Structures are given as structure tokens and as C-alpha cells.
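What follows is a set of notes on a single structure, which appears directly below.
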Amino acid sequence: MKSVLVVDDEKSVRDSLKMILEYKHYDVHFAEDGAKALAKVEKNGYDVILLDIKMPGIDGLEVLEVLKEKHSEIPVIIISGHGTIETAVEATKRGAFDFLPKPLDRDKVLVTIRNAMEQRNLRARYKMTSQLVEKMREQVEGRQVILGSSTKVREILSAIDRVGPTDARVLITGENGSGKELAAKALHRASRRREMPLVEVNCAAIPSELIESELFGHEKGAFTGASSQRIGKFEQANGGTIFLDEVGDMSNSAQAKVLRALEEGKIERVGGTKQIPVDVRVVAATNKNLIDEIKKGNFREDLYHRLNVIPIHVPSLRERREDIPLLANAFVEEICNRDGIAKKRFTAAALKLLQSMDWSGNVRELRNIVERLVIMTAGGVIEADHIRAQSIPTKGEIDDMLNAASTFQEFKEKAERAFIKNQLELNGWNVSKTAEKLGIQRSHLYNKMKRYGLGRGEREGD
501 MKSVLVVDDE KSVRDSLKMI LEYKHYDVHF AEDGAKALAK VEKNGYDVIL LDIKMPGIDG
561 LEVLEVLKEK HSEIPVIIIS GHGTIETAVE ATKRGAFDFL PKPLDRDKVL VTIRNAMEQR
621 NLRARYKMTS QLVEKMREQV EGRQVILGSS TKVREILSAI DRVGPTDARV LITGENGSGK
681 ELAAKALHRA SRRREMPLVE VNCAAIPSEL IESELFGHEK GAFTGASSQR IGKFEQANGG
741 TIFLDEVGDM SNSAQAKVLR ALEEGKIERV GGTKQIPVDV RVVAATNKNL IDEIKKGNFR
801 EDLYHRLNVI PIHVPSLRER REDIPLLANA FVEEICNRDG IAKKRFTAAA LKLLQSMDWS
861 GNVRELRNIV ERLVIMTAGG VIEADHIRAQ SIPTKGEIDD MLNAASTFQE FKEKAERAFI
921 KNQLELNGWN VSKTAEKLGI QRSHLYNKMK RYGLGRGERE GD
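What follows is the structure in C-alpha cells.
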């Protein structure tokens, strides 16, 4: 039974509303003045409040102000005499749901109360949905780093809990799309620096001739095009955390400067002579084997040992297939809530098929595929055939491709075509973005696409 509090010093008004509301099975309560009304709200809470403006002691506007501050979820309907219409209008501007002029009209009272309750219910549902989306975002991308219950995931979460509160440098390794960035963000949130900036640098995406300026900044006139002073990422992260993503792709000269910054706690802008102290925690990540890169002369051994104080390895999705159903269902719920799509679910056969797939792009690829399936699948159930219809290769299909090639050159071409097509799909057929992800020139990617007959909407076998 919905409860209504009537606040009015006129007994005739209270009696009239009692008769109207109890006939419609509302649980009706009364208060003769503002002080008693606030006490009752604190004790009981109500679904709707009908509030008079002109009352002895605390007037209605003062009561409304307190209610909006402490009980903003309760809609307040102002009861207004003809002499206080302007005040009633002012009350609606301050947050009242509506106002009812005296003498009260029975139908208008009931309709207004019903509308107020519907609005309250809508707000409650919206708040619940928003909280669910936020919780999902934190689970999948934030505090828990990687959603899953596998042993490998639990080990990562445990390591982050232990290492996060310290200032120890961390080197995160793992394949592309496995969740290295999420691990870095979780480390920052678990640290004492969490109120300070987390500054991310993708070392693979910055040309070698620009990375020193990106990291350490530059002085005006330091080089052609340096028309003003620029603050680098290390200075931006002062007091917080700097995340050096794909650190294995950093140029040798930049590696030397990073090593110096770590050893001395100071940086020097390009073109400058001033030593600038910086207090940063460094978290680095790579998909490369840095030991192999050291042997090849591509990475400094001394920098490796500076960065690799605490190693954390993020497993590929293939190493924790038992987490795929949990991840897929979480992504479905997140995407449906985000886009206002009716709830969908995977069949058991569909989840089993997802678990059998190769997932070279790891969790990032899984999320992209789930988003595509949620958007493109009609109805509320995603079946195994829907997955196959999206041309997502299974391990068996990859085996078929291997068996179909009669020469090594033919296999290389088939594999390259499948790989490029998959990467284009993962990046929404954005050629520039795909080329950047693959580390090749855009013109080179265009030539490959032309050679293999790849274009948006192409079909296998065209």
C-alpha cells in the first residue's frame, strides 16, 4: 500500500484528503505543521507528500528545502490557496513536483499523486540501472581488472592487492587485448597516489622522433615546429602514476632518458638545460619478450631491471577459457544497458562455441564480437548459428585453412588475408586505426587490401 503524508494546518483540508485517498486505498498520514511533518518523515518515510505553504511555525517553503536536501527521492506536491499561487510556482522551481490550488479537486488530486509516484518509480529504476552499469564497468574494466574466477585471474587480483599500495615499479606482460591496461589502472587505484593523475603513454603509437618530446616535453624553439613550451607526460604525472604501454617499442635514445629519469628522479625538457624533479610511480607494459629484445640489442638491460621490480603476467584468453561464459554474459548485459537494447542471452551451445574459438585478440576481441552479436542478432537469444553467421573463425575453421593450402606461399597468403580481415573488422574497418594497431604504413595496408580484395562488406571467397 502506497503511503501519503498530508501536511496542512486546516482540519477541513485534512479530512477532505483523508476521504479521497483512503477510498483509493492509500495509507494516509497527517501532520498539522512543518516540525511534526519533518519528524514523521525522518521516522517513517513516505511515497508522496502533500504540503501546504501557509502554516504556523515553519512554513512550507522551509519544509520543502529540508525535504529536498535530506529526502530528495520523495516527490512533494504543494497545496496552495489562491493568495499563494505565486509562492507555489516558486516552490515548483525549487523542486516541488507540482501544486494543487484550493479548493482541492478530487480527480486532480488523484492524477497528480499517481503521476508523482510514477515519476518516483522511473527515477528509482534509472538509478538502479545506472548503478548496475557503473558496477559492471568497474568489474570488467576497473577495480577487479579482469572479470573471471579462474586461478590465473585470482592470482593477478591478489598480486595487485599486495603491490598496489606500494611505490614499487611494475612490468605487466601479456598479449594484445589481454587486459594489461586494466591491470595498470587497477594498480593506480589501489595505490596511495590514486587521487593524483594516471598518465598513459602508448610508446608504439608515437613516432620515434617525437617520443622524447612526448615524455619529457620541450622548450620553445627546441626544434622546427616547437612554437611554444610543452609539458611532457612525466611532468603531467607528477605525484601520480605514469603508464608506459608497449614500452618494448620505445626508441633507444628515449630508453636512455627514461633510465636517467628513474635513477635521478629528474627530467630535462628537449632543448632545455634545467633539471626538473618529478615524483612518479612507473608502471610499464609490453607484449614483447624483453629478454629476447635485449639479446637483439633493441632494449636496454639496465632499464629492464629498473622496470621489472614486480612482474605481473596477464594470461591470454586461451589460457582461461573457463572465464569466457562469465565475460560474454557480462558484456551482453553491459552493452544492452548502455544502448537501451532489450535483454539478450547466449544459449549454452553458443557459449560452448565461444569457448572453442582461438581469440588471438583476447578479451578485447571477445567484447567486440559480443557487441556485434548483440546489435546484429534479432530476438532475445544469441545462438551458435548467429556466431557462425558473423564469419568468426573457430579453431576448426583455422585447421581447415591450414589443410587447404598446398604450398607454404599459399598458406601465408591465406593466413595474411584472414588476419588483416579480422583486424579490420575489430577496428570497424577504420584503415588508419588498423594500420596503427598493426604497426604498418596506411598505404601498405591499402595495398594489402587491394591485393586480397578486402573491403567493407566483402564476403569470404569474393
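Sequence positions in the sequence shown follow our numbering and run 501 to 962. A virtual CB, placed ideally from N, CA and C, is assigned to each residue, including glycine. Since we're looking at a predicted model, the values are computed, not measured.
field: Helix, strand or coil at T666 [DSSP, three-state]
entry: In the sequence shown, residue 666 corresponds to position 166, counting from 1. It is coil, neither helix nor strand.
message: With three or more beta-carbon pairs closer than 8 Å as the criterion, would you say the stretch 682-700 touches the stretch 651-667?
response: yes
query: So the alpha helix (DSSP H) F831 belongs to, where does it begin and stop?
result: Residue 831 sits at position 331 when you count from the first residue of the sequence shown. From DSSP, the alpha helix (DSSP H) with F831 extends over I824 to D839.
The stretch 877-886 / the stretch 916-925 touching (three or more Cβ pairs under 8 Å): no
query: With distances taken from CA atoms, which of G765, F743 and P777 is nearest K680?
result: For the purposes of this step, residue 680 is taken as the residue at position 180 of the sequence shown. Among G765, F743 and P777, the Cα nearest to that of K680 is on F743.
task: Look up A531 in the DSSP assignment and say whether it is helix, strand or coil.
output: As a first step, residue 531 must be located in the sequence shown, where it is residue number 31. Strand at A531.
task: For the beta strand (DSSP E) holding E700, just list the boundary residues, first then last.
output: Here residue 700 refers to the residue found at position 200 when the sequence shown is read from its first residue. Segment L698 to N702, the beta strand (DSSP E) holding E700.
Nearest to Q755 (by Cα), restricted to the options F716, V780, Q775 and E735: Here residue 755 corresponds to residue number 255 of the sequence shown, with the count starting at 1. Of the candidates F716, V780, Q775 and E735, the one whose C-alpha sits nearest the C-alpha of Q755 is F716.
Segment limits, beta strand (DSSP E) that includes T786: Taking the first residue of the sequence shown as 1, we reach residue 786 at position 286. Segment R781 to T786, the beta strand (DSSP E) holding T786.
Beta-carbon proximity check, A659 vs I812, cutoff 8 Å: Sequence index remark: in the sequence shown, residue 659 carries index 159 (1-based). Sequence index remark: in the sequence shown, residue 812 carries index 312 (1-based). In contact: A659 and I812 (Cβ atoms closer than 8 Å).
Pairwise C-alpha distance: T724 and G964: With the chain running from 501 to 962 in the structure shown, residue 964 is simply not present.
- prompt: Given 8 Å as the limit, is there contact between the stretch 514-524 and the stretch 602-615, that is, 3 or more CB pairs closer than that?
  reply: yes
message: Please report the straight-line C-alpha distance between M636 and T907, rounded to a whole angstrom.
response: For the purposes of this step, residue 636 is taken as residue 136 along the sequence shown, with counting starting at 1. For the purposes of this step, residue 907 is taken as residue 407 along the sequence shown, with counting starting at 1. With a pLDDT of 49 at M636, under the threshold of 50, the modelled position of that residue is not reliable, and the figure given next carries that caveat. Using only the alpha carbons, I get a separation of about 48 Å.
- prompt: Out of Y952, M617, N615 and G581, which has the shortest C-alpha to C-alpha gap to L600?
  reply: The residue labelled residue 600 in the question sits at position 100 within the sequence shown. Closest by alpha carbon: G581.
message: Rounded to whole angstroms, what is the Cα-Cα separation between L551 and C836?
response: The residue given as residue 551 occupies position 51 in the sequence shown. The residue given as residue 836 occupies position 336 in the sequence shown. If you take the alpha carbons of L551 and C836, they lie about 40 Å apart.
field: Which listed residue (I558, D527, K554 and K524) has its alpha carbon closest to that of A539
entry: One-based indexing of the sequence shown puts residue 539 at position 39. With distances taken between Cα atoms, A539 lies closest to I558.
message: By alpha-carbon positions, which one of K948, E735 and E910 ends up nearest to D779?
response: Numbered from its first residue, the sequence shown carries residue 779 at position 279. The option with the nearest alpha carbon to D779 is E735.
- request: Report yes or no: do three or more beta-carbon pairs, one from the stretch 828-845 and one from the stretch 788-796, lie closer than 8 Å?
  value: no
- prompt: Between the C-alpha atoms of E925 and G955, what's the straight-line distance to the nearest angstrom?
  reply: Residue mapping note: residue 925 aligns to position 425 of the sequence shown, counting from 1. Residue mapping note: residue 955 aligns to position 455 of the sequence shown, counting from 1. Using only the alpha carbons, I get a separation of about 10 Å.
field: Cβ-heavy atom distance, E542 to the ligand ATP, below 7 Å
entry: Although the ligand ATP was asked about, the structure shown includes no ligands whatsoever.
field: Local conformation of M750 per DSSP, three classes
entry: On the sequence shown, position 250 is the one that residue 750 refers to. Reduced to three states, the DSSP call for M750 is coil.
field: Residue closest to E746, alpha-carbon to alpha-carbon, out of R760, P707 and G740
entry: Residue mapping note: residue 746 aligns to position 246 of the sequence shown, counting from 1. Comparing Cα positions, the closest option is P707.
- prompt: Could you give the distance in angstroms between the alpha-carbon of V782 and the alpha-carbon of H688?
  reply: On the sequence shown, residue 782 is found 282 positions in, with the first residue counted as 1. On the sequence shown, residue 688 is found 188 positions in, with the first residue counted as 1. One C-alpha to the other measures close to 10 Å.
- request: Could you name the residues of the same chain whose beta carbon sits closer than 7 Å to that of S753, not counting the 5 residues immediately before and after it, in chain order?
  value: As a first step, residue 753 must be located in the sequence shown, where it is residue number 253. Correct list, in chain order: E712.
- prompt: Taking DSSP as the reference, what is the three-state secondary structure of F734?
  reply: Position 234 of the sequence shown, counting from 1, holds the residue named residue 734. DSSP places F734 in helix when its eight states are reduced to three.
task: Go ahead and label L442 buried or exposed: buried means 16 or more other beta carbons lie within 10 angstroms of its beta carbon, across all protein chains shown.
output: No statement about residue 442 is possible, as the shown extent of the chain runs from 501 to 962 and does not include it.
- prompt: Is the beta carbon of H529 less than 8 Å from the beta carbon of S503?
  reply: Within the sequence shown, the letter at position 29 stands for residue 529. Within the sequence shown, the letter at position 3 stands for residue 503. Contact: yes.
- request: Going by CA-CA distance only, name the one from R654, N544, K554 and I940 that's closest to K534.
  value: The sequence position of residue 534 within the sequence shown is 34, counting from 1. It is Gly, not Lys, that sits at residue 534 in the sequence shown. Checking every option, the nearest Cα to that of G534 belongs to K554.
- prompt: In terms of DSSP beta bridges, what is H813 paired with?
  reply: The residue labelled residue 813 in the question sits at position 313 within the sequence shown. BP columns for H813 point to T673.
Among T673, A704 and D749, nearest to S816 - alpha-carbon criterion: For this step, residue 816 is matched to residue 316 along the sequence shown. Of the listed residues, the one whose Cα sits closest to S816 is T673.
message: Do E865 and G677 have their beta-carbon atoms positioned less than 8 Å apart in this structure?
response: As a first step, residue 677 must be located in the sequence shown, where it is residue number 177. As a first step, residue 865 must be located in the sequence shown, where it is residue number 365. Going by C-beta atoms, G677 is nearer than 8 Å to E865.
query: Nearest to I574 by alpha carbon, out of V563, E586, V548 and F846?
result: Counted from its first residue, the sequence shown places residue 574 at position 74. Here the closest residue by C-alpha is V548.
- prompt: So, helix, strand or coil for N927, using DSSP?
  reply: As a working note, residue 927 is residue 427 in the sequence shown. Residue state, collapsed to three classes: coil.
- prompt: Of all the options R888, P556 and N829, which has the alpha carbon lying nearest to the alpha carbon of E510?
  reply: Here residue 510 is taken as the residue at index 10 of the sequence shown, counted from 1. The shortest C-alpha separation from E510 is found at P556.
query: If you run the structure through DSSP and keep just helix, strand and coil, what is D661?
result: Taking the first residue of the sequence shown as 1, we reach residue 661 at position 161. Looking at D661 - three-state DSSP - the assignment turns out to be helix.
- request: Taking E819 as the reference, give the member of E764, L567, D858 and A737 with the closest Cα.
  value: The sequence position of residue 819 within the sequence shown is 319, counting from 1. Looking at the Cα atoms, D858 is the closest of the given residues.
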